[in-house]
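Shown next, in structure tokens, is the structure this report addresses.
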Amino acid sequence: MTTATGQYVETALPSIAGASTSRVVAFGVMTAALVIAPFFVYPVFLMKALCFALFACAFNLLIGYVGLLSFGHAVFLGSAGYGAAHSAKVWGFTPELAIVFGTAVATVLGVVIGALAIRSKGIYFANITLAFAQMVYFFSLQAGFTGGEDGIQSVPRGTMLGVLNLRDTLTLYFVVLGIFLGGFLLIYRAIHSPFGQVLKAIRENEPRAISLGYRAEQYKLLAFVLSATFAGLAGATKALVFQLASLTDVHWTMSGEVVLMTLLGGLGTVFGPVVGAFVVIALENYLAQLGAWVTIVQGVIFVVCVLTFRRGIVGELGHVLRKSL
Amino acid sequence: MTVFGVPTQALFGQLLIGLINGAFYAMLSLGLSVIFGLLNIINFTHGAQYMMGAFAAYFVLQWAGLGYWWALLIAPIAVGVTGIVLERTTLKRLYQLDHLYGLLLTFGFALIIQGLFRHQYGSSGLPYPMPRELAGGQNLGFMFLPNYRAWVIVFSLAVCLTTWYVIERTRLGAYLRAATENPALVQAFGINVPRMITLTYGFGVGLAGLAGVLAAPIYQVNPLMGADLIIVVFAVVVIGGLGSIMGSIVTGFGLGVVEGFTKVFYPEASNTVIFVIMALVLLVRPTGLFGRSS
């Protein structure tokens, strides 16, 4: 694609491109809330929610803007977690290198799985990603370095960039917040770039986009790899926060959870996945003692969202305020 | 006696296990295929409905004292009826939307159903007795064949082939296939397509329930028995080609056997072999082995 075509797309859709005032305000409110939150709320809970929020944002990049429902996104979260945990614990990587390495693992997996899955659409795509995820799950169960059922435990947090002592919870919190905000803004930038506009064009009418000269498969693959990378960033960070990489993060129920967060918050909205992740993680925390009820409540949310609440929390809010959030 | 350094006893033993698993893959993927053909949704609740079939058999025994043979008749109908209720009350509202919403809705129902059963019955599993008529087995000289396992293979093959015959060779099946191609036109000819959709969903779900009854004496009755199985079945369906009836049956049995043999020759890969095959098939034929190109 030439720059000229990209600019054409950008100017042709001025209302979608560029940051609207409502989004800048919303972003400011979100950042401010997250900065003061650890002084009022248990920081580990917030860090968990932030990791999942980034995970959901990465997932939303794919479903909200390319229209592809991946039912195997846990692969990227989990494999990056294993990569970060293993490199930090066994190879003695510093936290920043461990996160980079973990994320790179997810990127590589994203390229492999994406190249195979991207040729299919809709339900086929969902099924295929799910099957690949299950493959990686069984691999993680049997491979020696993952620790099987035990996972990789007591991963050292270490000192980031030689100065930030991550053993201090509050320091760790602000590092996680920084990673989340960085990832969030990069995803936002990707969606609202000429590249993002082409993705939307492909989602709306793929044959037409192809006839205009866009290589749809390459765009979709790149979006898939980007999504995998950010999911990996979330997973690698999560492994350092909890000092644990386990099978839970590669299991398909985790893939279902990220769908739930994004659906509840609002598919294809900028802030929806963040809101969805916080609500779902809070619910799980609250219901944790009740065992099977967590699954039941998740199921009910799915059913209610699909039947009556398809815009999600942020989508509905945006609809009421007539703003695009 | 050995083949490739493996005792024939073990080889035939795994072949039998492979055929049993294949029978369940075939019945479940057949139901998924029939449903997908007409409704265009992937029924994520299928695993939970398979589990409900096994529980229905258990309830029929506990509450009414009716044994296996009654369960084989009652459980699929009961599960099918719950499917019909589900379709009439919720699924039918989604036909105008992106098909992915159907997937998400049925996923939600799967979570609810499995969660409720797990809440009520725990996750350790309840025993279900083997029918007396099928206890024991035959010594075939090279291996011991339990009667019940032979029955499962023969019976599920018969069910699959009957379904294939009805859909591909009868007038009713012709309506069904026509409605799959072009529902609006078929409706214009005076056929009640919405009712057909409902009954098709009920039938596909009933097949899952039937598979659940067959599984109960072998695997016990467990709230999570369908949760992981369904994901393998999804891979089977992708390999066979979504919507292909014969494809489901052949790949179901075939992959069960392949999986069984993998356990003999390279046990580490037995859990993943189906997914590896799926990746290879997709590279060569993105629509699956028996799928039509879209």
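Going line by line, the protein sequences match chains R and D. Take the first sequence: its letter number 190 is residue 190 in the working numbering, and every next letter is one higher. Take the second sequence: its letter number 181 is residue 1181 in the working numbering, and every next letter is one higher. Just so it is clear, CB atoms sit at the ideal spot from N, CA and C, and this is done for glycine as well.
Same chain, Cβ closer than 6 Å to residue i, neighbours up to 5 away in sequence not counted
i	result
T129(R)	S70, F71, G72 and A117
V1236(D)	Y1025, S1029, T1251, G1252 and L1255
G1005(D)	none
L1282(D)	none
Min CB distance residue i to chain D below 8 Å
i	result
I202(R)	no
V119(R)	In the sequence under discussion, the amino acid at residue 119(R) is Arg, which differs from the Val named in the question. With 8 Å as the cut-off, R119(R) counts as an interface residue toward chain D.
Y214(R)	no
W252(R)	yes
G6(R)	With a pLDDT of only 36 at G6(R), under 50, the local geometry of the prediction cannot be trusted, and the value read off the model is given with reservation. Chain D, which has no Cβ nearer than 8 Å to the Cβ of G6(R), makes this no.
M1(R)	Below a pLDDT of 50, predicted positions are generally treated as unreliable, and M1(R), at 35, falls in that range; the measurement from the model is reported next regardless. It does not; no Cβ of chain D falls within 8 Å.
G232(R)	no
Q218(R)	no
V259(R)	yes
Y124(R)	yes
N285(R)	no
Q289(R)	no
T295(R)	yes
N60(R)	no
V303(R)	yes
I128(R)	yes
G299(R)	yes
A131(R)	yes
Q197(R)	no
P14(R)	Residue placement at P14(R) is flagged as unreliable, the pLDDT there being 40, under the threshold of 50; a coordinate-derived value is accordingly withheld.
L116(R)	yes
Same chain only: Cβ atoms within 7 Å of residue i, ignoring 5 sequence neighbours per side
i	result
L13(R)	At L13(R) the pLDDT is 41, less than 50, meaning the model places this residue with poor confidence; the figure from the coordinates comes in the next sentence. Correct list, in chain order: Q197.
L161(R)	E96
I301(R)	L260 and L264
G318(R)	T269, S324 and L325
A105(R)	Per the sequence shown, residue 105(R) should be read as Val rather than Ala. Hits under 7 Å: S79, A80, G83 and G232.
Y1121(D)	P1223
is_contact[residue i, chain R] using C-beta, thresh 8 Å
i	result
V1034(D)	no
V1284(D)	no
Y1101(D)	yes
F1234(D)	yes
M1278(D)	yes
M1027(D)	no
F1275(D)	yes
F1109(D)	yes
N1043(D)	no
R1177(D)	no
Q1114(D)	yes
I1020(D)	no
R1093(D)	yes
Which residues DSSP lists as bridging residue i, in chain order
i	result
N1139(D)	F1144(D)
I36(R)	Looking at the DSSP assignment, I36(R) forms no beta bridge with any residue, so it has no partner.
M160(R)	L164(R)
P1007(D)	T1002(D)
I152(R)	A245(R)
L1126(D)	V1221(D)
Whether residue i touches residue j by CB criterion (8 Å)
i	j	result
F59(R)	A84(R)	no
R157(R)	P207(R)	no
V297(R)	A53(R)	no
E1268(D)	Q134(R)	no
G1291(D)	G1252(D)	no
T1106(D)	T1045(D)	yes
Y1058(D)	A1227(D)	no
T253(R)	G312(R)	no
Q1220(D)	P1146(D)	no
G375(R)	A26(R)	Nothing about residue 375(R) can be read from this structure; chain R reaches only from 1 to 325.
V306(R)	L1116(D)	no
H1119(D)	A292(R)	yes
I335(R)	V66(R)	What the structure shows of chain R is the stretch from 1 to 325, and residue 335(R) is not part of that stretch, so it cannot be assessed.
V1205(D)	V1079(D)	yes
S227(R)	L61(R)	yes
F1234(D)	F132(R)	no
V1238(D)	G1288(D)	yes
Close beta carbons around residue i, own chain, < 8 Å, minus the five adjacent residues each side
i	result
C57(R)	G183, F184, I187, F230, P273 and V274
M30(R)	F271 and V274
Q1138(D)	F1144, L1145, N1147 and A1150
N205(R)	none
Residue i Cβ short of 7 Å to the ligand MG heavy atom set
i	result
F224(R)	As far as ligands go, the structure on display features none, and thus does not contain the ligand MG.
Ranges of the alpha helix (DSSP H) found wholly within the segment 194–282 of chain R, counting only runs of at least 4: 194–204, 206–211, 216–242 and 252–265
Return the chain-ordered ranges of every beta strand (DSSP E) run that is complete within the segment 1150–1224 of chain D and spans a minimum of 3 residues. none
List, from N- to C-terminal side, the alpha helix (DSSP H) runs of 4 residues or more that fit wholly inside the segment 1027–1082 of chain D. 1046–1064
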